[in-house]
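**Q** Would you mind keeping the following structure in view while I ask a few things?
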Amino acid sequence: MNGPSSDSAASNYAANVAHNYGAPPITLVKGQGTHVWDAAGKRYLDFASGIAVNAVGHAHPHWVKRVTDQAGKLVHVSNLYRNEPQGQLAYALSLRCGPGRVIFCNSGAEANEGLLKLARLHGQRKSGTEGACIGVIVAEKAFHGRTFGGMSATPQEKIQKGFRPLLSGFTAAPLNDLAAWDKVIDAKTTAAVLIESIQGEGGVNPATPDFLRGVEKLCRERNVLFMIDEIQCGIGRTGKFFAYEHAGVKPDAIAMAKGLGGGFPIGAIWMAPPHDDLFQAGSHGTTFGGGPLAATAGLAVLEIIEAEQLIAKVAERSVGWHAELRKLVELRPDLVKEVRGAGYMVGVILNVDPVPVVTALREAGILTAPAGGVAVRLLPPLNASPEELAEAVAILRQVLGGWKAA
Ligand SMILES: *Cc1c(COP(=O)(O)O)cnc(C)c1O
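For any residue, its number in the numbering used here is found by taking its place in the sequence shown, counting from 1, and adding 74.
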C-alpha cells in the first residue's frame, strides 16, 4: 500500500485506476454551487459541470435534502416492485415530453441502447420480419456512448478503433445536409434515425431547426422512428427543457441522462404512442434503473428547475453572455474562429488544439471541457449567476488574450 500523502488519490490513480482517462490532473474534494475545490485547496469555477451533469450546481440544499431523506427511507427495490419516486418522475417527464411511456436506466449509453432496441422492435413491426428492417441513420461527428450499440452509432474512428466488428445497420450522413438524409432514409430498410439536437462531444455542432424539421418529415413519410439524443443538450441546458423544442419538432423517442439526476446516475428513454407499447413484459430491463434514490435525485432537479425558473434564466442570461463570448473572436481573430451553441452549452471554436487551452484555463481557475478537437466547451450549471458568467468571460479573455500563437 502507498503511504500517506497530501493527495492520496494521485498515487492510487497512478497505481490502481485504469488509464482509460490518461492521468487526470487534479483531485477534486468538495463542491458548492458553481465552485469546486481540489486537494491542495485551490478553488475553481466549474464550467464543466461533470460534463453537463451538475445541472443545479454542487450541493444544492434542496437536492441534498431530498436525496438524503430518501437514502434514509428506501434506496433500492428492483423493478419487480413499484416505487413512488419512479412513478412520479415518469409523470413529471411526461409533462415535458408529452403523453407516452418512460423506461429508466443508469447512464446515457444505456438510454441509447434502449432507443436502438426500440428501433429494432419498430423495424420488426413495420416489416413483419425480425432483422429485415434494422437501419439506423446517424449524423457524422455524432456521439452516442461507449457500449457496443453506442459505439456503433458513433461514426468516429477514435471511438470505434479496436472494437470492431460492431453492430451492423448504421449509416452516417452529414449533419444539416437534408438532401443526404433524404437519400439514405429508406422506407423499407431504415428503422430509425438518431440525432443529437446539438452535438456535444463532436464539437458543439447544432442541428439547424430546418434540418430537424426536414428529417422529421422524411421519417413520418417513411414510417421511420425520429429518435433524439438529448443526453447532453437536454434538461434545460439550452434555455428550453429539450433542445429539439427550439425547432418545434416532436420526436418519437428521446434519450436523456447527464443533467437529469444532477450528479446521481440516472438515464431514461421516453417513447411516444404508438411506439410506447413495443417493449412488452420481458423484452427489456435493468436491475438498478429508476430506483427510488435515483428517481428522487431526478425529481429534486426538476423541482429546483421549476422553483428557481432556471430554464427562463438560462434563456435570458445566455443572450448577453454569448455576446460577451463572441468578443473573444475580435480579441484574438487568429485564435478564436467562432462561438456557437445555445444557452449554457457553448463551444468556443479555436484554430488550435483546445486541450492545452483547457489546461491553461484550469490553471487560471476555471474548469471547461474540450470537444471534437476544436472546441473549448462551456457547460455551467443552470443556476450559474450573471457574475459567474462574467467571471468566466474575464478568465477566457485573460488566457486567450495572452495565448502565444503556434
Ligand atoms: C455523454 C453522452 C452519451 C453517453 O452517456 P454516458 O452516461 O457517458 O454513457 C450519449 N450521448 C450523448 C449526446 C452524450 O453527450
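Built from N, CA and C at the ideal position, the CB exists for glycine as well.
Just so you know, these numbers come straight off a predicted model, no measurement behind them.
Are the beta-carbon atoms belonging to Leu456 and Ala122 less than 9 Å from one another?
**A** no
**Q** With 16 other CB atoms within 10 Å as the buried threshold, where does Pro159 fall?
**A** buried
**Q** Assuming Val278 and Arg451 form a contact by the criterion Cβ under 8 Å, report the distance between their Cβ atoms to the nearest whole angstrom.
**A** Rounded, the Cβ-Cβ distance is 6 Å, consistent with contact.
**Q** Between which residues of its own chain and Leu409 is the CB-CB distance below 8 Å, once the five residues before and five after are set aside?
**A** Leu424, Asn425, Val426, Leu474, Trp477, Ala479
**Q** Just checking my contact of Gly276 with Phe217 at CB under 8 Å: how many whole Å lie between their CB atoms?
**A** Yes, they are in contact, since the Cβ atoms of Gly276 and Phe217 sit about 6 Å apart, within 8 Å.
**Q** How long is the line joining the alpha carbons of Ala327 and Val141, rounded to whole angstroms?
**A** Cα to Cα, Ala327 sits roughly 28 Å from Val141.
**Q** Determine whether the Cβ of Pro135 lies closer than 9 Å to any Cβ atom of chain B.
**A** No chain B appears in this structure, which consists of one protein chain only.
**Q** How should Phe237 be labelled, buried or exposed, when 16 other C-beta atoms within 10 angstroms of its C-beta is the threshold for buried?
**A** exposed
**Q** Considering only residues of the segment 264 to 327, which uninterrupted beta strand (DSSP E) runs meet the minimum length of 3 residues and lie entirely inside it, listed in chain order?
**A** 264 to 270, 299 to 303
**Q** Just to check, is the beta-carbon of Asn186 closer than 8 Å to a non-hydrogen atom of ligand 1?
**A** yes
**Q** Do you know how far the Cα of Tyr118 is from the Cα of Gly96?
**A** 21 Å
**Q** In the DSSP assignment, what residue or residues form a beta bridge with Arg117?
**A** Trp111
**Q** Should Ala129 be listed as close to ligand 1, given that the test is whether its C-beta is under 8 Å from any heavy atom?
**A** no
**Q** Name, in chain order, the residues that DSSP records as bridge partners for Gly341.
**A** Cys179
**Q** Between Arg311 and ligand 1, is there a pair consisting of the residue's CB and a ligand heavy atom that are separated by less than 8 Å?
**A** no
**Q** Any idea if Gly172 is buried or exposed, counting beta-carbon neighbours within 10 angstroms, 16 or more meaning buried?
**A** When all chains shown are included, Gly172 counts as exposed.
**Q** Distance check for His134 and Gly105, CA to CA, integer angstroms please.
**A** Here the alpha carbons of His134 and Gly105 stand approximately 10 Å from one another.
**Q** Using the three-state DSSP reduction, which class does Ile423 fall into: helix, strand or coil?
**A** strand
**Q** Hey, out of Ala331, Asp112, Val91, whose CA is closest to Gln306's CA?
**A** Ala331
**Q** Look at Ala416 and Pro428 and say whether their C-beta atoms are less than 9 Å apart.
**A** Going by C-beta atoms, Ala416 is not nearer than 9 Å to Pro428.
**Q** Buried or exposed for Val151, going by 16 or more other Cβ atoms inside 10 Å?
**A** exposed
**Q** With a cut-off of 8 Å on the beta carbons, I'd call Ala227 and Asn186 a contact; round off their distance for me.
**A** 7 Å
**Q** Quick one: what does DSSP say His132 is sitting in, helix, strand or coil?
**A** strand
**Q** Going by Cα to Cα distance, which pick from Gly223, Glu214, Ser242, Ile100 is closest to Thr263?
**A** Ser242
**Q** For Thr108, count the other beta carbons within 10 Å of its own beta carbon; 16 or more makes it buried, fewer makes it exposed. Which is it?
**A** buried
**Q** Please classify Glu214: does DSSP put it in a helix, a strand, or coil?
**A** coil
**Q** Report yes if the C-beta distance between Gly333 and Gly363 is below 9 Å; otherwise report no.
**A** no
**Q** Note down the Cα distance separating Lys200 from Gln273, rounded to an integer number of angstroms.
**A** 29 Å
**Q** Consider the C-beta atom of Ile305 and the heavy atoms of ligand 1; say whether any pair is separated by less than 8 Å.
**A** yes
**Q** Which term fits Asn94, buried or exposed, when burial requires 16 or more other beta carbons within 10 angstroms of its beta carbon?
**A** With fewer than 16 other CB atoms across the displayed protein chains lying within 10 angstroms of its CB, Asn94 is exposed.
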